[in-house]
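Below: one structure, written as structure tokens.
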Amino acid sequence: LRSQTMKDGLQLQGRSPVMHGDPKECISPNYKPMVVRTVRIRTAVHKREAALQAALETDTPESLSALSRKLGVDRKLLREQFPSLCQEIVNRFRRHQQEQKTLRQRLALEYVTKVADEMRMQKRFLSKRNLERSIGMNLYPKSVYSLAIDKLLAEQHSC
Numbered sequence: 016l017r018s019q020t021m022k023d024g025l026q027l028q029g030r031s032p033v034m035h036g037d038p039k040e041c042i043s044p045n046y047k048p049m050v051v052r053t054v055r056i057r058t059a060v061h062k063r064e065a066a067l068q069a070a071l072e073t074d075t076p077e078s079l080s081a082l083s084r085k086l087g088v089d090r091k092l093l094r095e096q097f098p099s100l101c102q103e104i105v106n107r108f109r110r111h112q113q114e115q116k117t118l119r120q121r122l123a124l125e126y127v128t129k130v131a132d133e134m135r136m137q138k139r140f141l142s143k144r145n146l147e148r149s150i151g152m153n154l155y156p157k158s159v160y161s162l163a164i165d166k167l168l169a170e171q172h173s174c
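Residue numbers (the numbering used here): 16 to 174.
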């Protein structure tokens with residue numbers, strides 16, 4: 016396979032036909048000029064950039080991995096083509112995750128405090144196991160509720 020340049024400057028891929036007379040007449044319909052391919056690549060890049068810009072303006076942030084899956088492109092390619100835009104997306108998603116974590120912790124602490132107040136009203140002994148039973152679940156050591164119980168009990172013992 017070799018490429019051949021026509022008189023008008025377009026580069027063609029594939030086997031070159033036997034040239035007799037005008038070169039434009041000898042070109043097979045399967046030949047595609049290189050110009051078309053570069054235009055497609057440029058428009059794909061612009062579409063990706065527009066999609067990333069739109070993702071920054073949505074209400075709920077998405078991760079860069081989720082965006083790359085939607086676009087059908089590797090995450091590393093997006094980072095290579097649009098480093099600053101991708102960094103904004105990553106930072107926005109990271110802030111969102113941190114806000115959600117803080118919200119979950121605050122809600123868990125409020126719930127555990129409410130359950131502890133109910134236990135005090137019933138004059139039940141306040142222990143981690145009794146709180147777990149009142150909540151209705153066995154808790155993993157680093158779960159949100161377990162950390163909230165530990166915080167509540169630490170505050171109670173320090174008073």
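Positions of the beta carbon are idealized from the N, C-alpha and C atoms, including for glycine.
Closest by C-alpha distance to LEU118, when choosing among HIS61, THR58 and TYR160: On the sequence shown, residue 118 is found 103 positions in, with the first residue counted as 1. For LEU118, the nearest C-alpha among the options comes from TYR160.
Consult DSSP for ASN145 and reduce its assignment to one of helix, strand or coil. Working through the sequence shown from its first residue, we reach residue 145 at position 130. If DSSP states are grouped into helix, strand and coil, ASN145 belongs with the helices.
Roughly how many angstroms lie between the CA atoms of ARG107 and LEU122, to the nearest whole one? Locating residue 107 in the sequence shown gives position 92, counting from the first residue. Locating residue 122 in the sequence shown gives position 107, counting from the first residue. For ARG107 and LEU122, the distance between alpha carbons rounds to 23 Å.
For ASN145, which residues in the same chain have their Cβ closer than 7 Å to its Cβ, ignoring the five residues on either side in sequence? The sequence position of residue 145 within the sequence shown is 130, counting from 1. Closer than 7 Å at Cβ, skipping near neighbours: MET134 and ARG139.
7 Å CB neighbourhood of PHE97 in its chain, flanking five on each side removed: Position 82 of the sequence shown, counted from the first residue, corresponds to residue 97. Excluding positions up to five away in sequence, the list reads GLU64 and LEU67.
Coarse secondary structure for PHE108, derived from DSSP in three states: On the sequence shown, position 93 is the one that residue 108 refers to. Helix, per DSSP.
When ALA70, THR75 and ASP74 are compared against LEU86, the one with the closest alpha-carbon: Numbered from its first residue, the sequence shown carries residue 86 at position 71. Residue ALA70 is the option with its Cα nearest to LEU86.
Pairwise C-alpha distance: SER83 and ALA59: Position 44 of the sequence shown, counted from the first residue, corresponds to residue 59. Position 68 of the sequence shown, counted from the first residue, corresponds to residue 83. The alpha-carbon atoms of ALA59 and SER83 are separated by roughly 13 Å.
Whole-number beta carbon distance between LEU79 and CYS101, since they are thought to touch under 8 Å: Position 86 of the sequence shown holds residue 101. Position 64 of the sequence shown holds residue 79. The pair is a contact, with the Cβ atoms about 6 Å apart (cut-off 8 Å).
For LEU92, count neighbouring C-beta atoms within 10 Å of its own C-beta (all shown protein chains included) and say buried if the count is 16 or more, exposed if not. Taking the first residue of the sequence shown as position 1, residue 92 is located at position 77. The Cβ neighbour count for LEU92, taken over all protein chains shown within 10 Å, is under 16; the residue is labelled exposed.
Taking all protein chains shown into account, do 16 or more other C-beta atoms lie within 10 angstroms of the C-beta of GLU169, making it buried, or fewer, making it exposed? Stepping through the sequence shown from its first residue, residue 169 is reached at position 154. Checking the displayed sequence, the identity of residue 169 turns out to be Ala instead of Glu. It is exposed - the Cβ of ALA169 has fewer than 16 other Cβ atoms within 10 Å.
Please classify LYS129: does DSSP put it in a helix, a strand, or coil? As a first step, residue 129 must be located in the sequence shown, where it is residue number 114. Helix.
ASN153 to GLU114, Cα distance in whole Å? Taking the first residue of the sequence shown as position 1, residue 153 is located at position 138. Taking the first residue of the sequence shown as position 1, residue 114 is located at position 99. Taking the straight line from one Cα to the other gives about 26 Å.
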